[in-house]
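Read the structure below first, then the notes.
Protein chains: 2
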Amino acid sequence: MAKEDKLFIGVDLGGTNIQAGIVNLRGKVLAKAKKKTKADNGTEKVVDRICDTCLDAMEEAGLSIKDISALGIGAPGATDSEKGVVIEAVNLRWNNYPLAKTLKNKLNLPVVVDNDVNVGAWGEYQVGAGKKQDNMMAVFIGTGIGGGLILNGNLYQGTYGTAGEIGHVVLRSDAPLGRRTLENLASRSAIVNLITNLVKANHPSIITDLCNGDLSNIRSKMIKQAVEEKDDLVCRVVQEACHYVGVAAAGMVTMLSLPCVVLGGGLTEALGPKVIEWTRKSFDDTVFPSKLKNCKIVEAQLGDDAGLVGAALLAADRLKA
Amino acid sequence: MAKEDKLFIGVDLGGTNIQAGIVNLRGKVLAKAKKKTKADNGTEKVVDRICDTCLDAMEEAGLSIKDISALGIGAPGATDSEKGVVIEAVNLRWNNYPLAKTLKNKLNLPVVVDNDVNVGAWGEYQVGAGKKQDNMMAVFIGTGIGGGLILNGNLYQGTYGTAGEIGHVVLRSDAPLGRRTLENLASRSAIVNLITNLVKANHPSIITDLCNGDLSNIRSKMIKQAVEEKDDLVCRVVQEACHYVGVAAAGMVTMLSLPCVVLGGGLTEALGPKVIEWTRKSFDDTVFPSKLKNCKIVEAQLGDDAGLVGAALLAADRLKA
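From first to last, the protein sequence lines are chains F and G.
So the working numbering is basically just the index in the first sequence, starting at one, shifted up by 649.
So the working numbering is basically just the index in the second sequence, starting at one, shifted up by 649.
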């Protein structure tokens, strides 16, 4: 088999869902499968479900284990990629779990483990919006905010394997607890909370109609519609969130002299160009030196597949397949 | 000559002074020389003064050019280390100046050029407070604030060669201009300004006596004495400055998962353990995940020699001497 024809399994392991895909070296997804994680059933059951999801994806593609070169998996927590260990994954209640070894024994494949956001960043670097940028940062804005760093063409993990945690960087050290970190200020949860509080305080917004008066039911697509219809309140809240994304990104780009920032995650996908535009504004006002205004800020391209594509390609890279 | 006996010239080129030293591979400074930069006299004269300072240092050590393996120089601005070019040094009015080539022609030595703060960080990493820390950040607090990053055992420069500019990271995006960046909030200039303004607004402080009523004459040693005597006003101002150093350091350690931060520069040297203690407090309150509270925060060890020692050792490293 020619090198270019080699196939990999990429797994995106989340607290709620497991997704597996068959991926080639160009990052194309040939087939996918998905299962609930069911973390409450315990570690052994979760591992069985990971294996089942992989087998489903292979079946979907009409392949068997012998057609696969390696497996990569992104886990929701801190990992020791060298040892293949999940150091801590709160949602799964895992501590120092030897995931690579366990999966290798069950599936008889080489296995690479890394953090879920890191593998997403790797995917965008390899075949997405950060292609050919040997220094870049990816920031994924969803319920929370996570990030990943590619430095000198390598996934940067730092001494404790926790690098990239931009959501936990403090931007307002003088604010009350809960309004200090980027995640506090700009995640979807933060945006929804702020909109909810403002509406409850009788500020007018079309979001009240869009969610049929049930503020606990605000979804990304409603925020998207409100922004498109130029609803003043929602625009102000999202713009402020993007302001903080821009300031945080500028701080990191100032420190790391990066030419490219990729913005992804559910909220970015929903709002698209507006998020880029508003983030760009604060970024340009903040970054130093001014030549770093050349830094590209672009939308992620792989969407929901970033994790599994990145995991598969990281396995390919690590194992020099 | 055995490898360990090889000697290097390290140069610390500043806007005001040029310092050159003869340095061995263990970072020992065998001899030093110093001249004024006299940047107003133009580039050619400055380069001549660099060469003269190097020759003085060699003479001081009883050596000639043939005893030296290479020269390293730290310049006050952005550099392209690969090309040996100073991209921009505002104090010297240099733009894209081929410093390595010029010095090489004049002194007939291999020459390595890098940013002054970067070489200081490299010095602390090689033979100072960051020894054996393959990931570390150095922050130098003086008139301004600069920083340098060692990642995976290499001096990290980023795509544009400007990495490490922690003084320009914005910590208070909502504050008035001039009170936003770390340098605005925690440099010696910022501290002196704040003390001056408070004293002028009739807040009592022993600093008034220490500078004989001339507030334009506040020096680091007076700040040191006021802190030692527990002067309330000066302690509050310095503690607030350290708070911002701690928050900025925690942001970078959160993002880069670093095990070590080295604090240096004139102000840190003057105030010593108090700066570490106060920085540590805010750092621990801010860093994520909590295991990064294990990150060491230590005083720099090389003092004023960090630049020339680091420049010499960087030349040794780059040229695999």
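Beta carbons: idealized from backbone N, C-alpha and C, even for Gly.
**Q.** 3-residue-minimum beta strand (DSSP E) runs that sit fully inside the segment 749 to 813 of chain F, ordered along the chain
**A.** 760 to 764, 785 to 790, 794 to 800, 803 to 805
Q: Closer than 7 Å, Cβ to Cβ, to anything on chain G: give me those residues from the segment 900 to 923 of chain F, in chain order.
A: 900, 901, 903, 904, 905, 906, 907, 908
(Q) Can you confirm whether residue 810 of chain G, when its beta carbon is compared against all beta carbons of chain F, has any partner nearer than 8 Å? (A) Residue mapping note: residue 810 of chain G aligns to position 161 of the second sequence, counting from 1. By this cut-off, residue 810 of chain G is an interface position.
Q) Listed in chain order, which residues of the segment 796 to 828 of chain F have Cβ atoms closer than 9 Å to some Cβ of chain G? A) 796, 798, 800, 801, 803, 805, 806, 807, 808, 809, 810, 811, 812, 813, 814, 815, 816, 817, 818, 819, 820, 821, 822, 823
Q.
Considering Cα atoms alone, identify which of G:764, G:810, G:907, G:737 is closest to residue 660 of chain G.
A. Along the second sequence, one-based indexing puts residue 660 of chain G at 11. Here the closest residue by C-alpha is G:764.
Q: Determine which residues share a DSSP beta bridge with residue 839 of chain G and list them.
A: Within the second sequence, the letter at position 190 stands for residue 839 of chain G. None, per the DSSP bridge assignment.
Q.
Under 7 Å, CB to CB, which of the residues in the segment 932 to 957 of chain F have a partner in chain G?
A. 935, 937, 938, 940, 941
Q) For residue 908 of chain F, which residues from the same chain have a beta carbon less than 8 Å from its beta carbon, with the 5 sequence-adjacent residues on both sides left out? A) Locating residue 908 of chain F in the first sequence gives position 259, counting from the first residue. Contacts found: 782, 784, 785, 943, 944, 945.
Q) Where residue 715 of chain G and residue 809 of chain G are concerned, what is the direct C-alpha to C-alpha distance, given to the nearest angstrom? A) Indexing the second sequence from 1 puts residue 715 of chain G at position 66. Indexing the second sequence from 1 puts residue 809 of chain G at position 160. Their backbone Cα atoms lie some 35 Å apart in a straight line.
Q. Around the Cβ of residue 664 of chain F, are there at least 16 other Cβ atoms within 10 angstroms (buried) or fewer (exposed)?
A. The residue labelled residue 664 of chain F in the question sits at position 15 within the first sequence. Looking at its Cβ environment, which holds fewer than 16 other Cβ atoms inside 10 Å, residue 664 of chain F is exposed.
**Q.** Beta-carbon spacing of residue 667 of chain G, residue 699 of chain G below 8 Å
**A.** Against the second sequence, residue 667 of chain G aligns to sequence position 18. Against the second sequence, residue 699 of chain G aligns to sequence position 50. Closer than 8 Å, so yes.
Q. Taking three-plus beta-carbon pairs below 8 Å as touching, is the segment 686 to 694 of chain F in contact with the segment 773 to 780 of chain F?
A. no
Q.
Would residue 766 of chain G and residue 797 of chain G qualify as a contact pair, given that the criterion is a beta-carbon distance under 8 Å?
A. Taking the second sequence and counting its residues from 1, one reaches residue 766 of chain G at position 117. Taking the second sequence and counting its residues from 1, one reaches residue 797 of chain G at position 148. For residue 766 of chain G and residue 797 of chain G, yes; Cβs fall inside 8 Å.
Q. Given residue 845 of chain F, which residues of its chain have a CB within under 6 Å of its CB, disregarding the five upstream and five downstream residues?
A. To locate residue 845 of chain F, count along the first sequence from 1; it is residue 196. Result list for residue 845 of chain F: 864, in chain order.
Q: Pick helix, strand or coil for residue 934 of chain G, following the three-state DSSP scheme.
A: Position 285 of the second sequence, counted from the first residue, corresponds to residue 934 of chain G. Residue 934 of chain G: helix per DSSP, three-state reduction.
Q) residue 724 of chain G to residue 903 of chain G, Cα distance in whole Å? A) Locating residue 724 of chain G in the second sequence gives position 75, counting from the first residue. Locating residue 903 of chain G in the second sequence gives position 254, counting from the first residue. Going by the C-alpha atoms only, they are around 29 Å apart.
Q: Return the Cβ separation of residue 733 of chain F and residue 750 of chain F in integer angstroms, given the expectation that the two are a contact with Cβ distance under 8 Å.
A: For the purposes of this step, residue 733 of chain F is identified with residue 84 of the first sequence, where counting begins at 1. For the purposes of this step, residue 750 of chain F is identified with residue 101 of the first sequence, where counting begins at 1. The Cβ separation is near 6 Å, so the contact holds.
Q.
Under 8 Å: do the segment 890 to 903 of chain G and the segment 825 to 834 of chain G share three or more Cβ pairs, one atom per stretch?
A. yes
Q: Using a Cβ cut-off of 7 Å, pull out every chain F residue sitting near residue 896 of chain G, in sequence order please.
A: Locating residue 896 of chain G in the second sequence gives position 247, counting from the first residue. 819, 822, listed in chain order.
Q) By a C-beta neighbour count over all protein chains shown, 10 Å radius and 16 as the cutoff for buried, is residue 633 of chain G buried or exposed? A) Since the displayed chain G opens at 650 and closes at 970, residue 633 of chain G lies outside it and no answer follows.
(Q) If contact is defined by three or more beta carbon pairs under 8 Å, each pair taking one atom from either stretch, is the segment 667 to 685 of chain G in contact with the segment 702 to 716 of chain G? (A) yes
Q) Just checking my contact of residue 924 of chain G with residue 917 of chain G at CB under 8 Å: how many whole Å lie between their CB atoms? A) Translated into the one-based positions of the second sequence, residue 924 of chain G becomes position 275. Translated into the one-based positions of the second sequence, residue 917 of chain G becomes position 268. So it is a contact: roughly 5 Å between Cβ atoms.
Q: Compute the distance between the beta-carbons of residue 719 of chain G and residue 759 of chain G, then report whether it is under 8 Å.
A: In the second sequence, the residue the question calls residue 719 of chain G occupies position 70. In the second sequence, the residue the question calls residue 759 of chain G occupies position 110. A contact, by the Cβ cut-off of 8 Å.
Q) In this structure, does DSSP put residue 660 of chain F in helix, strand or coil? A) To locate residue 660 of chain F, count along the first sequence from 1; it is residue 11. Residue 660 of chain F: strand per DSSP, three-state reduction.
Q: On the DSSP bridge assignment, give the partners of residue 737 of chain F in chain order.
A: In the first sequence, residue 737 of chain F corresponds to position 88, counting from 1. Looking at the DSSP assignment, residue 737 of chain F forms a beta bridge with F:727, F:744.
Q. With a CB to CB cut of under 6 Å and the five nearest residues on each side skipped, what residues in its chain are close to residue 838 of chain F?
A. Residue 838 of chain F sits at position 189 when you count from the first residue of the first sequence. These residues qualify, in order along the chain: 792.
Q: Taking C-beta pairs closer than 8 Å, name the residues in chain F that residue 784 of chain G reaches, listed in chain order.
A: The residue you call residue 784 of chain G lines up with position 135 of the second sequence. Under the 8 Å cutoff, chain F gives 807, 808.
Q. Cα-Cα, which of F:898, F:709, F:881, F:768 is closest to residue 959 of chain F?
A. Here residue 959 of chain F is taken as the residue at index 310 of the first sequence, counted from 1. Ranking F:898, F:709, F:881, F:768 by Cα distance to residue 959 of chain F puts F:768 first.
Q) Sorted by chain position, which residues of the same chain lie with C-beta nearer than 8 Å to residue 701 of chain G's C-beta, five sequence neighbours on each side aside? A) In the second sequence, residue 701 of chain G corresponds to position 52, counting from 1. If we look at residue 701 of chain G and ignore the five residues flanking it on each side, its Cβ neighbours are 684.
(Q) Would residue 789 of chain G and residue 914 of chain G be called neighbours here (beta carbons separated by less than 8 Å)? (A) By one-based count along the second sequence, residue 789 of chain G stands at place 140. By one-based count along the second sequence, residue 914 of chain G stands at place 265. It is a contact, given that the beta carbons lie within the stated cut-off.
Q: Can you say whether residue 826 of chain G is buried or exposed, counting buried as having 16 or more other CB atoms within 10 angstroms of its CB?
A: One-based indexing of the second sequence puts residue 826 of chain G at position 177. The residue in question, residue 826 of chain G, is exposed, as its Cβ has fewer than 16 Cβ neighbours within 10 Å.
**Q.** For residue 673 of chain G: DSSP bridge partner residues
**A.** Within the second sequence, residue 673 of chain G is the residue found at index 24, counting from 1. Answer is G:656, bridged to residue 673 of chain G.
Q. Assuming residue 964 of chain F contacts residue 735 of chain F under a Cβ cut-off of 8 Å, what Cβ separation, rounded to an integer in Å, is found between them?
A. Numbered from 1 along the first sequence, position 315 holds the residue referred to as residue 964 of chain F. Numbered from 1 along the first sequence, position 86 holds the residue referred to as residue 735 of chain F. Going by Cβ atoms, the distance from residue 964 of chain F to residue 735 of chain F rounds to 16 Å, so no, they are not a contact pair.
(Q) If you reduce the DSSP assignment to three classes, tell me which class residue 830 of chain F lands in. (A) Reading the first sequence from its first residue, position 181 is the one you call residue 830 of chain F. Correct three-state label for residue 830 of chain F: strand.
Q.
Just verifying my parser: in three-state terms, what is the DSSP assignment at residue 866 of chain G?
A. In the second sequence, residue 866 of chain G corresponds to position 217, counting from 1. The answer is helix: DSSP assigns residue 866 of chain G an H, G or I state.
(Q) Less than 8 Å between the beta carbons of residue 921 of chain G and residue 877 of chain G, yes or no? (A) Looking up residue 921 of chain G in the second sequence gives position 272. Looking up residue 877 of chain G in the second sequence gives position 228. Against a cut-off of 8 Å, the Cβ pair of residue 877 of chain G and residue 921 of chain G comes out as no contact.
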